[in-house]
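Structure, as structure tokens:
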Amino acid sequence: MKKIQMVDLKSQYDRIKDNVNASIQEVLDTTTYINGPQVQSFQKNLEEYLGAKHVIPCANGTDALQIAMMGLGLQPGDEVITADFTFAATVEVIALLQLTPVLVDVDADTFNISIDAIKKAITPKTKAIVPVHLFGQAANMEAVMALAKEHNLYVIEDNAQAIGASYKFADGSKKKAGVIGHVASTSFFPSKNLGCYGDGGAIFTNDDDLAHALRGIVNHGMYVRYHHDVVGVNSRLDSIQATILNAKLPLLDGYNDARQTAAEKYSAAFANHAHIITPTVKGDRDSHVFHQYTLRIINANRDALMQHLLDKGIPCAIYYPIALHSQKAYASARYNEADFPVTNQLVKEVISLPMHTELDDEQIKFITDSVLEFLK
Ligand SMILES: *Cc1c(COP(=O)(O)O)cnc(C)c1O
45 MKKIQMVDLK
55 SQYDRIKDNV
65 NASIQEVLDT
75 TTYINGPQVQ
85 SFQKNLEEYL
95 GAKHVIPCAN
105 GTDALQIAMM
115 GLGLQPGDEV
125 ITADFTFAAT
135 VEVIALLQLT
145 PVLVDVDADT
155 FNISIDAIKK
165 AITPKTKAIV
175 PVHLFGQAAN
185 MEAVMALAKE
195 HNLYVIEDNA
205 QAIGASYKFA
215 DGSKKKAGVI
225 GHVASTSFFP
235 SKNLGCYGDG
245 GAIFTNDDDL
255 AHALRGIVNH
265 GMYVRYHHDV
275 VGVNSRLDSI
285 QATILNAKLP
295 LLDGYNDARQ
305 TAAEKYSAAF
315 ANHAHIITPT
325 VKGDRDSHVF
335 HQYTLRIINA
345 NRDALMQHLL
355 DKGIPCAIYY
365 PIALHSQKAY
375 ASARYNEADF
385 PVTNQLVKEV
395 ISLPMHTELD
405 DEQIKFITDS
415 VLEFLK
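Under our numbering, the first residue of the sequence shown is numbered 45, with each subsequent residue one higher.
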């Protein structure tokens, strides 16, 4: 059996090596390292794929979130509501901009931000909601957008983990995750569903004025060369990363399909188990692109299971082991433990199994057998 990886970037690269190497060579030969034609073509290709009016490439997914918030003109003291159960980047940029992060609980079935918890957290100072499409499944965007409309709030989608996922509305219509809110961010970190070979990110919006503002902010606040109208940042996707992304974007749907297929095999093996809750997929198959395949282990020793898997050479991970409201950097007197029953439970129960585009049946069987032998 091939050695099991949490994310097998090498096998994926081997399948596209000739194409990717040739495209990188072209950048080297033309020396258009920054702002080359590859960046513009990737921008167009991604706009078309997502059905987004504007894609603004930038240096990474954390910058993308920060720049989105800068573009919306959020001011120090404005409250921004986001999920307590996510990667820290989401709350980090809120704090960095001296906005006030307001962490709220999530739903146990989807791991995504709780609509009831958002409702309770809205105050006259609230200016924005940042739903995170965690583990590859869009948050309940229909309800988020309705609340935002009612309270006149911006919605910034953190789409770092769900590129290519579709969100299905109650009337059956669909949109890609990341083109539903006012603005969205994504990351092309190597292990994300659409990963480059270094750092990369992008911001999406359908709003022409906001897109114009964002294009200046990513480039030192310049709209006319050497005229700095606003305080900006330097955040670029370089041409080598863009050309890699151009080579991989046409493969994204196939990559996501491979993840969905692996997830289905995992969930079939774990169905109706007394100690395992498998991931819930809302909508249909395209609604979840399984950036992570995350189980909840109930009435059993999650940490001992993890050690058992590691001992057998199966990588696995806890995403995320600590609630953000419990992190030193983000603790606040405004929080009560009683407001986070779900997140406080999830941090003790979750375990993520290997998930990538290269898992074969032999590996999946070894992983599921190993989990089941421990939890029998
Ligand atoms: C990866 C990730 C980010 C940050 O992306 P980087 O490109 O690493 O800066 C932000 N939010 C979430 C939910 C992520 O998973």
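Built from N, CA and C at the ideal position, the CB exists for glycine as well.
For residue j and residue i, the rounded distance between their alpha carbons
i: GLN110; j: PRO175; result: 14 angstroms
i: TYR215; j: PHE248; result: For the record, residue 215 in the displayed sequence is Asp; it is not Tyr. Roughly 24 angstroms between the two C-alpha positions.
i: PHE410; j: ASP328; result: 28 angstroms
i: TYR364; j: PHE129; result: 7 angstroms
i: THR322; j: ALA375; result: 30 angstroms
i: GLY239; j: ASP347; result: 30 angstroms
i: THR167; j: LYS88; result: 39 angstroms
i: GLU70; j: VAL188; result: 44 angstroms
i: VAL275; j: HIS317; result: 55 angstroms
i: SER55; j: GLU402; result: 7 angstroms
i: GLY208; j: ILE341; result: 28 angstroms
i: GLY225; j: MET185; result: 8 angstroms
i: VAL223; j: LEU94; result: 7 angstroms
i: VAL386; j: PRO101; result: 35 angstroms
i: ASP107; j: GLY115; result: 12 angstroms
i: PRO377; j: VAL146; result: In the sequence on display, residue 377 carries Ala and not Pro. Their Cα atoms are separated by approximately 11 angstroms.
i: ASP297; j: ASN250; result: 22 angstroms
i: VAL262; j: THR170; result: 25 angstroms
i: ASP383; j: THR75; result: 54 angstroms
i: ASN65; j: LEU53; result: 15 angstroms
i: SER158; j: ASP151; result: 5 angstroms
i: ASP413; j: ALA172; result: 45 angstroms
CB of residue i within 7 angstroms of CB of residue j, strictly
i: HIS319; j: GLY180; result: no
i: ASP153; j: ALA161; result: no
i: SER67; j: SER210; result: no
i: HIS177; j: ASN196; result: no
i: ASN63; j: ALA291; result: yes
i: GLY4; j: ASP252; result: Here the chain covers residues 45 to 420 and nothing more, so residue 4 does not appear.
i: ILE358; j: ILE48; result: yes
i: GLY260; j: TYR270; result: no
i: VAL51; j: SER311; result: no
i: ALA246; j: ALA182; result: no
i: LYS309; j: ILE408; result: yes
i: GLY39; j: SER229; result: Since the first residue shown for the chain is 45 and the last is 420, residue 39 is missing from the structure and cannot be characterised.
i: VAL394; j: ASN237; result: no
i: SER283; j: GLN82; result: yes
i: ALA192; j: VAL199; result: yes
Near ligand 1: residue i beta-carbon under 6 angstroms from a heavy atom
i: GLN205; result: yes
i: PHE233; result: yes
i: GLY245; result: yes
i: ASP202; result: yes
i: ASN104; result: yes
i: VAL176; result: yes
i: PHE131; result: yes
i: PHE134; result: According to the sequence as given, residue 134 is Thr; it is not Phe. At least one heavy atom of ligand 1 is nearer than 6 angstroms to the Cβ of THR134, so yes.
Three-state class that DSSP yields for residue i in the structure shown
i: GLU70; result: helix
i: ASP251; result: coil
i: MET266; result: strand
i: GLY105; result: helix
i: GLY180; result: helix
i: LYS356; result: coil
i: THR76; result: coil
i: ASP328; result: coil
i: VAL174; result: strand
i: SER235; result: coil
i: TYR379; result: coil
i: GLY441; result: The chain is shown only over 45 to 420; residue 441 falls outside these bounds and no answer can be derived.
i: SER217; result: coil
i: VAL127; result: Strictly speaking, residue 127 in this sequence is Ala, with Val absent from that position. The answer is strand: DSSP assigns ALA127 an E or B state.
i: HIS317; result: coil
i: TYR93; result: helix
i: ASP404; result: coil
i: GLY121; result: coil
i: TYR310; result: helix
i: ASN278; result: strand
i: GLY245; result: strand
i: VAL333; result: coil
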